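Written below as structure tokens is the structure these notes are about.
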Amino acid sequence: MEDKRSALKKIILDTKTLPTLPGVISKLNSLSDNDKASVQEMAKIVSSDQVLSARILRLANSPSYGFYRVSTISNALILLGVNVVKSLALSSSIFAIMEKNSVGLWEHSLGVGVAANLMSRKLGLSECEEIATAALLHDIGKVIISLKCTDAEMEILRIVRDRRIYILEAEHEVIETDHAEVGGWLAKSWFLPDKLSEPITFHHDVAKSESHRIKTSVVHIADVLIKACGFGNSGDCYVPRIQQVAWDTLNLNEQILSEVVGEIEDKLVDVKNFSLEMIGA
Amino acid sequence: MFNFSVYERQAMQKIPLMQAKAGMVLARDVFRGDSSTVMPICGKDTVLTDDLIKRLDQMDVQSVSVQGHPVWEEGELSYEDLLRELDRRFEKTMQDPLNSILYDVHKAQLIRSMEGDSGR
């Protein structure tokens with residue numbers, strides 16, 4: 137049984153066919169490890185790739201972060217932090233595909249980003265931008281499965297439709313793993329920090345998240361909330377069960393939930409506009 | 038006791054400025070850009086006029102919240118349809134205590150958003 141899974145892992149992580157990572161990433165990686173690197177230096181490197189810069193700025197101004205007006209890469213680095221800009225750069229090539237081919241999943245991801253940001257602010261958590269980024273990327277595994285295993289993806293979606301089950305269950309039947317684990321492999325292969333890779337890997341099993349359980353809990357709940365709103369399309373239409381451990385970790389109650397849901401519904405109009413603009417662009 | 042704070046708020050709809058029409062009444066203050074930390078440029082309860090809408094557009098306002106539910110999108114679902122959709126989304130988890138809290142929150146929202154539904 138292990139064979140299918142490891143074969144799949146090999147296919148997915150085959151760098152020859154993995155969406156090409158912008159060359160600036162490795163430069164950025166070597167810089168941020170060096171304490172002396174200044175924001176200006178980093179901004180200069182990123183700005184040398186104009187398409188990438190435009191994509192980063194577009195994402196930085198998306199409703200998932202929409203509390204700022206970010207007009208330059210150095211502003212993005214200062215306001216959102218190096219980690220966030222780096223992961224935005226990494227994911228932008230994936231998102232470029234997603235915007236066109238799977239609008240529903242793109243909208244779902246943006247929505248979860250918004251919900252996670254609103255929730256972490258409401259709960260007074262630190263590193264809201266990182267949480268929003270993890271939320272934006274939480275289903276990145278689905279994009280990769282769709283890119284690399286198109287036949288398997290069609291089979292998965294057929295099973296979801298015919299048997300009315302969660303996509304997670306269908307994934308286990310067909311590929312013996314799921315999008316969360318695949319997303320985790322990808323995050324690791326991209327050297328994303330644990331605070332991003334852990335919520336991606338465990339957003340369906342919060343109890344397994346050890347170092348960043350708060351962040352993972354927010355992404356899990358944000359996912360549930362967006363599915364409850366029926367916004368976007370993440371493969372199936374069913375609201376996942378809220379995991380008690382996430383509820384307890386964040387100390388949630390009815391009052392907070394009701395306030396957050398109100399704010400999300402309000403913000404989703406902006407998300408819809410943003411995604412329509414992107415598709416039109 | 039569950040606190041339905043959503044019930045207490047007034048029925049309103051957030052719409053793109055493009056769909057705003059003279060005669061609609063603002064349900065919330067309008068701010069320049071997205072920031073609510075600055076002074077509002079137009080107060081709630083203001084009745085919109087064509088001139089006012091034009092000026093908001095010039096100030097880059099993207100959307101406004103108006104009282105009631107004046108705009109119906111084509112294909113927008115009725116209350117019964119929306120409720121059926123909500124039930125379908127929750128069909129696997131309705132029995133779960135935490136999910137049933139979330140379901141109630143959504144149902145309350147749905148009812149609130151349908152209040153002030155006059156034209157249908």
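These protein sequence lines are chains A and B, in that order. If you count by this note's numbering, then the first sequence holds residues 137 to 417, one letter each, in order. If you count by this note's numbering, then the second sequence holds residues 38 to 157, one letter each, in order. Cβ coordinates follow ideal geometry from the N, Cα and C atoms, glycine included. Predicted model, so just to flag it, every value in this text is computed and none were measured.
Here B/Pro-107 carries a coil assignment [DSSP, helix/strand/coil]. According to the DSSP assignment, B/Ile-52 belongs to the beta strand (DSSP E) that extends over 49–53.
Per DSSP, A/Leu-273 has no beta bridge partner at all.
Nearest to A/Leu-254 by alpha-carbon distance, out of A/Thr-269, A/Thr-313 and A/Gly-240, is A/Thr-269. Shortest Cα-Cα distance from A/Asn-409 to any of A/Arg-141, A/Asn-197, A/Val-175 and A/Asp-185 involves A/Asn-197. The beta-carbon of A/Ser-394 is placed less than 8 Å from the nearest beta-carbon of chain B. Between the beta-carbon of B/Cys-79 and that of B/Leu-63 there is about 7 Å, and that keeps the pair under the 8 Å contact cut. Residues Val-360, Lys-363 and Ala-364 of the same chain have their beta carbon placed closer than 8 Å to that of A/Val-375, with the five preceding and five following residues left out of the count. At a Cβ-Cβ threshold of 8 Å, A/Lys-140 and A/Glu-312 count as neighbours. Approximately 6 Å separates the beta-carbon atoms of B/Met-49 and B/Val-103; this is inside 8 Å, confirming the contact. When the Cα atoms are used, A/Gln-379 and A/Asp-341 turn out to be separated by approximately 8 Å.
Between A/Val-250 and A/Lys-403 a beta carbon distance of about 5 Å is seen, short of the 8 Å cut, so the two are scored as contacting. Going by beta carbons, B/Glu-117 and A/Gly-366 fall outside the 8 Å limit. With 16 or more other Cβ atoms from the protein chains shown falling within 10 Å of its own Cβ, A/Ala-323 counts as buried. Look at the segment 111–133 of chain B: the residues with a C-beta under 8 Å from a C-beta of chain A are Glu-122, Leu-123, Arg-125, Arg-126, Phe-127, Glu-128, Lys-129, Thr-130 and Asp-133.
Close partners of B/Pro-53 in chain A (Cβ separation under 7 Å): Asn-409. Short of 7 Å from the beta carbon of A/Lys-344, and not among the five residues preceding or following it, lie these beta carbons of its own chain, in chain order: Phe-338. Interface criterion met: the Cβ of A/Tyr-374 is under 8 Å from a Cβ in chain B. Runs of alpha helix (DSSP H) with 4 or more residues, each lying fully within the segment 300–345 of chain A, are found at 303–311, 315–325 and 330–338, listed in chain order. B/Gln-146 reaches chain A at Val-397, Gly-398 and Glu-401, counting residues in chain order whose Cβ is nearer than 8 Å. DSSP places B/Leu-63 within a strand segment (E or B) once states are collapsed to three. In this chain, the alpha helix (DSSP H) harbouring B/Pro-134 covers 134–151. In terms of beta-carbon proximity, A/Gln-176 stays away from the interface with chain B, with every pair separated by 8 Å or more.
Taking a 10 Å sphere around the C-beta of A/Ser-207, we find fewer than 16 other C-beta atoms and assign the residue as exposed. DSSP places A/Val-405 in the helix class (H, G or I) of the three-state scheme.
Considering only beta carbons, the part of the segment 299–329 of chain A lying closer than 8 Å to chain B consists of Tyr-302, in chain order. If you draw a 10 Å sphere on the C-beta of A/Ala-306, you find 16 or more other C-beta atoms in it, and that means buried.
Taking all protein chains shown into account, A/Glu-289 has 16 or more neighbouring C-beta atoms within 10 Å of its C-beta and is therefore buried. At a cut-off of 8 Å, the C-beta of B/Gln-99 has a neighbouring C-beta in chain A.
Across the structure, A/Ser-184 and A/Leu-283 are spaced so that their CA atoms are roughly 28 Å apart. Neighbours of B/Ile-138 in chain A, taken as residues at a C-beta separation under 7 Å, are given in chain order as Glu-390 and Leu-393. Secondary structure at A/Val-354: helix, using DSSP grouped into helix, strand and coil. As the crow flies, the alpha-carbon of A/Leu-388 is around 44 Å from that of B/Asp-87. Taking the beta carbon of B/Val-142 as reference, the chain A residues within 7 Å of it are Leu-393, Ser-394 and Val-397, listed in sequence order. Contact of A/Arg-377 with chain B is assigned, a C-beta pair being separated by under 8 Å. CA-to-CA, the gap between B/Met-96 and A/Arg-205 works out to about 15 Å.
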